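> Please find one structure pasted underneath; my questions will follow.
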Amino acid sequence: MSLIDWDSPVSIVAYVVTAIAIFVSLFKYYLYLTCGKITSSRNMEGKTVIITGANSGIGKETARDLAKRGARIIMACRNMETAKKAREEIMAESGNSNLIIKHIDISSLASVRNFAQDIVTTERVIDVLIHNAGVAQGFKNKVTPDGLEFTMATNCYGPFLLTHLLIDQLKKSDQGRIIIVSSKLYRFAHVRSDLSNINPVNYFSLFPVELYNLSKCIEIMITQELARRLAGTRITANCLHPGVIDTGIWRNIPFPASLLFKPIQMCFRTPEEGARTTVFLTVSPDVEKISGEYFRGCKVTKLNRRVQNKELQGRLWKAAQELVKLTEKDPKI
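Going by my numbering, the sequence shown opens with residue 1, and the numbers climb by one from there.
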């Protein structure tokens, strides 16, 4: 005798809902087990860490963990109201009052330069620079006042400029680390050999995630070129995939697609789980000598061969320098 009354719509709905709930629970447990483990109990007292987008999501959870380890954290945020709330929450939980809020709009070259000048003036050394802030734009792209496509400016070129401007402070660290939060969605994009798509200001597609994918592809290529240029210094540069996380980055998905997206979000990792690999790359002594790699679940993961084209990475680097308007007076990498 069947336990389900297939002639009863209520019974069928209850069965389907129960099956979905069980699947989601098992899948989330699998994600928890595979998001990596941080075995290091390293104390970060005396270390200064900059985290962009530290007011929410992965950035906030990264700040929370590092604050508990005693780090001095500069929360580089665009929304100062949410940044202040996040700071108060983390201070109360960690007992660490050494959290500083500074404003930055990473999509604006002027804002990046203002922030960097403030840091250079007030900070002798930066130990870790975490490029965490990111955006996934909707169907209609935007162009910044600098003439940059908004997603590219936020995810790629703002961080690229900030790295240049703070490189001298990072060189003063005993072991400086640059960490870029990327995504495995880079696999669904490629940089054209003529570099014609690295600033797609006239972009239009029925698949808005394409811009996000492309920005992550560019991030990784730039990170590998950066690591080569930093060879012989005490600075490492690595990127990571945090997993698919339920954060505010998905808030720009337009209606009605957002309604269909809600059930999918139930299977995403939490921001705390998503922050694990970032924290691992920040504190683990096991990665002191590792640079130019791509991490997933706190482990080095092989990259698609397409993004490892060194010649194309070098040309992309030079093109990015022109896009962010680097001058002769700016620090060189």
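Just so you know, even glycine gets a beta-carbon here, dropped at the ideal spot from N, CA and C. Quick caveat: nothing in here was measured; it's all calculated off a predicted structure.
I need the straight-line Cα distance from T154 to I106, nearest angstrom please.
For T154 and I106, the distance between alpha carbons rounds to 5 Å.
> Quick test of your reading: E210 and Q313, contact by CB under 8 Å. State the CB separation rounded to the nearest angstrom.
About 21 Å; that fails the 8 Å criterion.
> Applying the 10 Å Cβ sphere with the 16-neighbour rule, what's the burial state of E358?
In this structure the chain extends from 1 to 333, so residue 358 is not present and cannot be described.
> Assign D194 to one of two classes, buried (16 or more other C-beta atoms within 10 Å of its C-beta) or exposed (fewer than that).
D194 should be labelled exposed.
> What separation, rounded to the nearest whole angstrom, lies between the Cα atoms of I58 and I220?
Near 19 Å, if we compare the C-alpha coordinates of I220 and I58.
> State whether the region 162-182 contacts the region 77-91, with contact taken as three or more CB pairs (one from each stretch) at a distance under 8 Å.
Because the criterion of three Cβ pairs below 8 Å is not met, the region 162-182 and the region 77-91 do not touch.
> Could you check what DSSP says for G176 in three-state terms: helix, strand or coil?
It is a strand residue.
> DSSP state of Y294, grouped into three classes?
Y294: strand per DSSP, three-state reduction.
> Can you check DSSP and say which residues form a bridge with I74?
Partner(s): I50 and I100.
> Compute the beta-carbon to beta-carbon distance between G243 and A133, rounded to the nearest angstrom, for a pair I have assumed lies under 8 Å.
That pair is no contact at about 17 Å.
> For L303, tell me which candidate among R276, T277 and T223 has the shortest Cα-Cα distance.
If we check each option's Cα against that of L303, T223 comes out closest.
> Nearest-angstrom Cα distance between K142 and T151?
So the two alpha carbons sit approximately 8 Å from each other.
> Cβ atoms of V181 and L240: under 8 Å apart, would you say?
Going by C-beta atoms, L240 is nearer than 8 Å to V181.
> Taking L240 as part of the alpha helix (DSSP H), name the residues at either end of that continuous run.
Careful: L240 lies outside any alpha helix (DSSP H), inside the beta strand (DSSP E) at I235 to H241.
> Please say whether N213 and L281 have beta carbons closer to each other than 8 Å?
Not in contact: L281 and N213 (Cβ atoms no closer than 8 Å).
> In chain order, what residues of the same chain have a beta carbon less than 7 Å from the beta carbon of N199, not counting five sequence neighbours either side?
Closer than 7 Å at the Cβ level, and outside the excluded window around N199, lie L148, E149, M152 and L323.
> For E123, which residues in the same chain have their Cβ closer than 7 Å to its Cβ, ignoring the five residues on either side in sequence?
The answer, listed in chain order, is T48 and Q169.
> Output the residue ranges of the alpha helix (DSSP H) runs that lie fully inside the region 146-199 and measure 4 residues or longer, sorted by chain position.
As far as the region 146-199 is concerned, its whole alpha helix (DSSP H) runs of at least 4 residues are 158-171.
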